[in-house]
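Shown next, in structure tokens, is the structure this report addresses.
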Amino acid sequence: MNIYVINGPNINLLGTREPEIYGHETLDSISKDCIKKGLKDGHDVKFMQSNYEGEIVEWIQHAIKEKIDAIVINAAAYTHTSIAIHDALKSFSGFKIELHISNPHLRESFRHVSYISPVVDAVVAGLGANGYSHVIELLADLQKSYK
Amino acid sequence: MNNRLLIINGPGLSDLSRFNEFGHDDLTLEKVQKKCSETCESLGLSLEFCQSDDEAELTNYLTRACIEFDALIINPVSYSHASSLDFDIYTSNIETVTLQNKPVIEVHIANIFQKGVDVTKPIKVSEGNVGFVSGFGIHSYELAIRAVHRKLREN
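If you read the sequences in order, they're chains A and B. Under my numbering, the first residue of the first sequence carries the number 1, and numbering increases by one thereafter. Under my numbering, the first residue of the second sequence carries the number 148, and numbering increases by one thereafter.
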């Protein structure tokens with residue numbers, strides 16, 4: 001199984017940016033943990049991060065072209081603004097999961113709307129940095145049970 | 148002693164046939180309960196699994212969660228966004244549980260944002276420090292149980 005984990009703006013600051021909300025773990029340590037977990041079950045997990053909306057759209061288009069099996073996307077602030085990411089995800093027919101480290105619904109009202117949620121299969125929020133590895137583990141298990 | 152987990156299923160969840168249209172076929176609450184029991188057993192959690200259509204009873208369960216349990220997973224169905232007095236009672240009860248630093252996760256079988264939802268009109272979800280898992284079918288519960296287990300271990 002090929003899995004893209006796409007991260008949006010400011011996620012590169014994990015570990016230093018508002019740690020009381022986002023925790024002390026860095027994106028690098030999260031990605032190493034997930035890649036290792038994936039490899040154990042024979043899955044190829046790729047982590048990417050960009051502060052640019054267009055680059056995220058291009059990665060999703062790339063996932064469509066390469067027939068990637070699943071996208072886990074933490075679009076961060078673009079979650080609440082980006083119709084372009086909404087449209088790109090709509091064209092991706094693999095399994096799609098929206099992920100947030102905190103629970104946006106419990107924060108400022110401008111974070112209560114998500115353009116991503118209606119076009120994904122599942123939403124995971126508020127499980128902290130561990131959310132990533134929980135999702136990778138579940139995807140690996142799901143694939144085993146469908147084999 | 149094992150950590151104690153309470154899983155509450157809200158109004159209407161005794162019949163899961165309506166989830167067929169979301170692609171979660173042949174689900175029954177018994178199957179969900181069986182899956183949850185298996186997952187909890189493998190992680191060394193003791194589980195109480197309940198369902199009620201009655202709001203007073205749900206409030207009682209939430210009160211019990213504060214006293215008798217270490218963690219809570221709740222599928223509130225529409226109860227969580229009823230935008231009414233009931234909703235206020237519900238969220239304040241959930242908040243009481245989270246204030247004790249007990250992990251609480253709201254789960255839904257289907258992706259509640261997916262069908263015919265106007266994204267510009269946000270859905271209310273539980274307040275308090277609550278995790279959220281929606282759309283994995285029966286596996287929403289599985290993921291939530293694992294997340295609760297990890298949180299309890301870290302606390």
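Just so you know, even glycine gets a beta-carbon here, dropped at the ideal spot from N, CA and C.
Return the chain-ordered list of same chain residues with a C-beta closer than 8 Å to the C-beta of A:Glu66, the five sequence neighbours on each side being excluded. As a position in the first sequence, residue 66 of chain A is number 66, starting the count at 1. Only Asn2 meet the Cβ criterion.
How about A:Ile101 and A:Val72: are their beta carbons less than 9 Å apart? Locating residue 101 of chain A in the first sequence gives position 101, counting from the first residue. Locating residue 72 of chain A in the first sequence gives position 72, counting from the first residue. Their beta carbons are not under 9 Å apart, which means A:Ile101 does not touch A:Val72 by this criterion.
At a Cβ threshold of 9 Å, is A:Pro118 touching chain B? Counted from its first residue, the first sequence places residue 118 of chain A at position 118. Yes - at least one Cβ of chain B is within 9 Å of the one on A:Pro118.
Length of the line joining the Cα atoms of A:Ile85 and A:Pro104: One-based indexing of the first sequence puts residue 85 of chain A at position 85. One-based indexing of the first sequence puts residue 104 of chain A at position 104. C-alpha separation (whole angstroms): 18 Å.
CB B:Leu190 to CB B:Ile252, shorter than 9 Å? Within the second sequence, the letter at position 43 stands for residue 190 of chain B. Within the second sequence, the letter at position 105 stands for residue 252 of chain B. Contact: no.
Classify B:Ser250: buried if its beta carbon has 16 or more other beta carbons within 10 angstroms, exposed otherwise. For the purposes of this step, residue 250 of chain B is taken as the residue at position 103 of the second sequence. In the sequence as presented, Ser is not what sits at residue 250 of chain B; that position holds Pro. B:Pro250 should be labelled buried.
Let's test the definition: count the other Cβ atoms within 10 Å of the Cβ of B:Gly284 and tell me whether it reaches 16, buried, or not, exposed. In the second sequence, counting from the first residue as 1, residue 284 of chain B sits at position 137. With 16 or more other Cβ atoms within 10 Å, it is buried.
Nearest residue (CA-CA) to A:Val77, options A:Gly128, A:Ile35, A:Arg17, A:Arg111: Here residue 77 of chain A corresponds to residue number 77 of the first sequence, with the count starting at 1. In the sequence under discussion, the amino acid at residue 77 of chain A is Ala, which differs from the Val named in the question. With distances taken between Cα atoms, A:Ala77 lies closest to A:Arg111.
Separation of A:Glu53 from B:Leu192, as counted between CA atoms: Stepping through the second sequence from its first residue, residue 192 of chain B is reached at position 45. Stepping through the first sequence from its first residue, residue 53 of chain A is reached at position 53. Cα to Cα, the separation comes out at about 42 Å.
Compare the Cα-Cα distances from B:Gly282 to each of B:Ile154, B:Val224, B:Gly159, B:Ser184 and report the closest residue. For the purposes of this step, residue 282 of chain B is identified with residue 135 of the second sequence, where counting begins at 1. With distances taken between Cα atoms, B:Gly282 lies closest to B:Val224.
By a C-beta neighbour count over all protein chains shown, 10 Å radius and 16 as the cutoff for buried, is B:Cys187 buried or exposed? Mapped onto the second sequence, residue 187 of chain B falls at position 40. Classification of B:Cys187: buried, given that the 10 Å Cβ count is 16 or more.
Which residue's Cα is closest to the Cα of B:Glu204: B:Phe279, B:Gly157, B:Lys181, B:His286? In the second sequence, the residue the question calls residue 204 of chain B occupies position 57. Out of B:Phe279, B:Gly157, B:Lys181, B:His286, B:Gly157 has the C-alpha closest to the C-alpha of B:Glu204.
Which residues, in order along the region 80–95 of chain A, keep a beta-carbon less than 9 Å from a beta-carbon of chain B? His86
Paired residues, beta bridge with A:His100 - DSSP: As a position in the first sequence, residue 100 of chain A is number 100, starting the count at 1. Answer by DSSP bridge pairing, in chain order: A:Ala125.
As assigned by DSSP and simplified to three states, the class of B:His255: As a first step, residue 255 of chain B must be located in the second sequence, where it is residue number 108. Residue state, collapsed to three classes: strand.
Is A:Ala75 close to chain B, meaning its C-beta is less than 9 Å from at least one C-beta of that chain? In the first sequence, residue 75 of chain A corresponds to position 75, counting from 1. Chain B contact via Cβ: absent.
When the distance is taken between beta carbons, is B:Val277 closer than 9 Å to B:Leu290? In the second sequence, the residue the question calls residue 290 of chain B occupies position 143. In the second sequence, the residue the question calls residue 277 of chain B occupies position 130. No, the Cβ-Cβ distance between B:Leu290 and B:Val277 is not below 9 Å.
Using a C-beta to C-beta distance shorter than 9 Å, which residues of chain A count as neighbours of B:Glu289? Your numbering for residue 289 of chain B matches position 142 in the second sequence. Neighbours of B:Glu289 on chain A, chain order: Leu138, Asp141.
When burial is assigned at 16 or more other CB atoms within 10 Å of the CB, is A:Lys147 buried or exposed? Locating residue 147 of chain A in the first sequence gives position 147, where the first residue counts as 1. Any answer about A:Lys147 is weak, because its pLDDT of 45 lies below 50 and its placement is not dependable; what the coordinates show is given next. Flag for A:Lys147 reads exposed.
Use the C-beta contact count for B:Ile221: other C-beta atoms within 10 angstroms, 16 or more gives buried, fewer gives exposed. Sequence index remark: in the second sequence, residue 221 of chain B carries index 74 (1-based). When all chains shown are included, B:Ile221 counts as buried.
Just how far apart, CA to CA, sit B:Gln261 and A:Ile116? Counting from 1 along the second sequence, the entry for residue 261 of chain B is found at position 114. Counting from 1 along the first sequence, the entry for residue 116 of chain A is found at position 116. In a straight line, the C-alpha of B:Gln261 is about 10 Å away from that of A:Ile116.
Does the beta carbon of B:Val277 sit closer than 9 Å to a beta carbon anywhere in chain A? Indexing the second sequence from 1 puts residue 277 of chain B at position 130. For B:Val277, the answer is yes, since a Cβ of chain A falls inside 9 Å of its Cβ.
Among all the DSSP beta bridges, which residues are the ones paired with B:Leu152? In the second sequence, the residue the question calls residue 152 of chain B occupies position 5. According to DSSP, B:Leu152 bridges with B:Leu194, B:Ala218.
Three-state secondary structure (DSSP) of A:Lys46: Translated into the one-based positions of the first sequence, residue 46 of chain A becomes position 46. Correct three-state label for A:Lys46: strand.
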